[in-house]
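Worksheet: one structure, shown below.
Protein chains: 2
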Amino acid sequence: MDIIKALNWRYATKKFDPERKINESDLRTIREVLRLTPSSYGLQPLKFIFIEDPQLRKVLLPHSFNQSQVTDASHLLLICSYRDIRNEDIDAHIRNTVNIRNLDPDRMTGYGDFMKRTIGELSESSKLTWNVKQAYIVLGQLMLACAQMGIDTTPMEGFDADKFDEILGLNEKNLHATLLCPMGYRSTDDPAQYNPKVRKSEEDLFETL
Amino acid sequence: MDIIKALNWRYATKKFDPERKINESDLRTIREVLRLTPSSYGLQPLKFIFIEDPQLRKVLLPHSFNQSQVTDASHLLLICSYRDIRNEDIDAHIRNTVNIRNLDPDRMTGYGDFMKRTIGELSESSKLTWNVKQAYIVLGQLMLACAQMGIDTTPMEGFDADKFDEILGLNEKNLHATLLCPMGYRSTDDPAQYNPKVRKSEEDLFETL
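Just so you know, the sequences run in chain order A and B. Numbered per our numbering, the first sequence finishes at 202, counting up by one with no gaps. Numbered per our numbering, the second sequence finishes at 202, counting up by one with no gaps.
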């Protein structure tokens, strides 16, 4: 679908059709969009958890303000941010770069040390905040890509992230639940789909210097 | 361009062709992508500043680590976040909703009060952080949309945001410089375009529960 048409077509779906499932080919595209999304320094400080178990989705429902999308959408994606960026994560990234680009490892030592120095100066909470921001880049690309494929999404910040961390054992994995994104197909009886889109005017949003 | 092809084609452009300019039709599409991007509560706590004045771009260059993209790219977009969300901003959003959807204003009073209560509980710094996150959603959509149009972008967090605020008088406008995004066309002699893309493997990034 054309970009602008897709952005006008999409909306934060309130009610999904629980019978319609995203097919395997579209899921492959979605996974590749998630994987290819750029991030600061290319570190991809994220983990993408697809929650398929219907029982687990029921358990998470009350911690998501009982929003029916959590159980009814074809797929439920939880975007998690790493809480920390450790030297070993930077080493792994450098190793990956060396392998993919077939470089001399010695040529990358200086760059790795630079990253460790720069990132090492950040506080724990600054690192988490930085990683969380990268999750929002992914969300932006995901929503646009899905809309172009005719797939509905509901971006959600409104859930009990600490409770999600606890239930899914994310703390122990150095992760933090950041964004929840049910994906699938709108129900024909979701009235929200007929609401004209509310956006600020060009005059309010843009300035040229 | 196909989504996956576009994501593979794009890269953080290091050197732009200073002679090639984005045409007016593509700029209109870019502006509409920025305008239509979703945000929390639909508040769009952002301002998009296109910095066209070549002299001003030269002034900003040393505060952007002298990255040549700031002066050489066809267009330079600065995504700013509002520092605060005031009751009058919420009122303006409600008024906009009432107008666009042709609603009875009384029906929206409760929702406006709910937003004011919820957002009023946030600290000043939490409000700014929240607004900043919305800028990253925009960046994600913008990079994907531009790539599909064959337009190069360089997402930049690495600039002296406080200095930008000072030079552009953003504080007085309740704004904060958040992301810088030069846009245009890669130079044929930018070697970075030939580097194979480095991304984590599916095994590292995905989990299914």
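Every residue, glycine too, gets a C-beta built ideally from N, C-alpha and C.
Check                                                                                                                                                                                                  : Outcome
What is the rounded straight-line gap between the Cα of glutamine 127/B and the Cα of phenylalanine 199/A?                                                                                             : 16 Å
Who are the neighbours of isoleucine 160/B on chain A, taking C-beta pairs under 8 Å?                                                                                                                  : By Cβ distance, chain A contributes nothing, its closest Cβ being about 10 Å from isoleucine 160/B, past 8 Å.
Going by beta carbon distance, what residues of the same chain come within less than 7 Å of proline 148/B, once the five residues before and after it are set aside?                                   : Ala5, Leu132, Met136, Leu172, Cys174
Beta carbon of leucine 36/B, beta carbon of histidine 68/B: below 8 Å?                                                                                                                                 : no
If you drop the 5 nearest sequence neighbours on each side, which residues of the same chain put their C-beta closer than 7 Å to that of histidine 56/A?                                               : Phe152, Asp153, Lys156, Phe157
Taking only three categories from DSSP, how would you classify threonine 111/A?                                                                                                                        : helix
Are isoleucine 206/B and leucine 71/B closer than 8 Å when you measure CB to CB?                                                                                                                       : Any property of residue 206/B remains undetermined from this structure, which presents chain B solely from -6 to 202.
Contact defined as beta carbons within less than 8 Å: I believe threonine 30/B pairs with isoleucine 144/B. What is the distance between those atoms, to the nearest angstrom?                         : Not a contact, Cβ separation roughly 16 Å.
Buried or exposed: asparagine 124/B, going by 16 or more other Cβ atoms within 10 Å of its Cβ?                                                                                                         : buried
What are the boundary residues of the alpha helix (DSSP H) that includes leucine 121/A?                                                                                                                : 117 to 141
Grab the span of the alpha helix (DSSP H) containing glutamine 20/B for me, first residue to last.                                                                                                     : With the sequence shown as reference, residue 20/B is identified as leucine, and glutamine is not the correct amino acid for it. Start and end: 17 to 29.
Apart from the five residues just before and just after threonine 181/A, which ones in its own chain have a Cβ nearer than 8 Å to its Cβ?                                                              : Asp10
Can you tell me whether glycine 177/B is helix, strand or coil according to DSSP?                                                                                                                      : strand
Can you give me, in chain order, the residues of the segment 111 to 142 of chain A that have a beta carbon less than 9 Å from any beta carbon in chain B?                                              : Thr122, Trp123, Val125, Lys126, Gln127, Ala128, Tyr129, Ile130, Val131, Leu132, Gly133, Gln134, Leu135, Met136, Leu137, Ala138, Gln141, Met142
Check whether the Cβ atoms of alanine 138/B and cysteine 73/B sit closer than 8 Å, and answer yes or no.                                                                                               : no
Arginine 76/B and asparagine 167/B look like a contact to me (Cβ under 8 Å); what is the Cβ gap, rounded to whole Å?                                                                                   : 5 Å
Please go through the same chain and pick out, in chain order, the residues whose beta-carbon is closer than 7 Å to the beta-carbon of glutamine 134/A, but skip the five residues on each side of it. : Val26, Thr30
Expressed to the nearest angstrom, what Euclidean distance is found between the alpha-carbon atoms of isoleucine 83/A and glycine 105/A?                                                               : 7 Å
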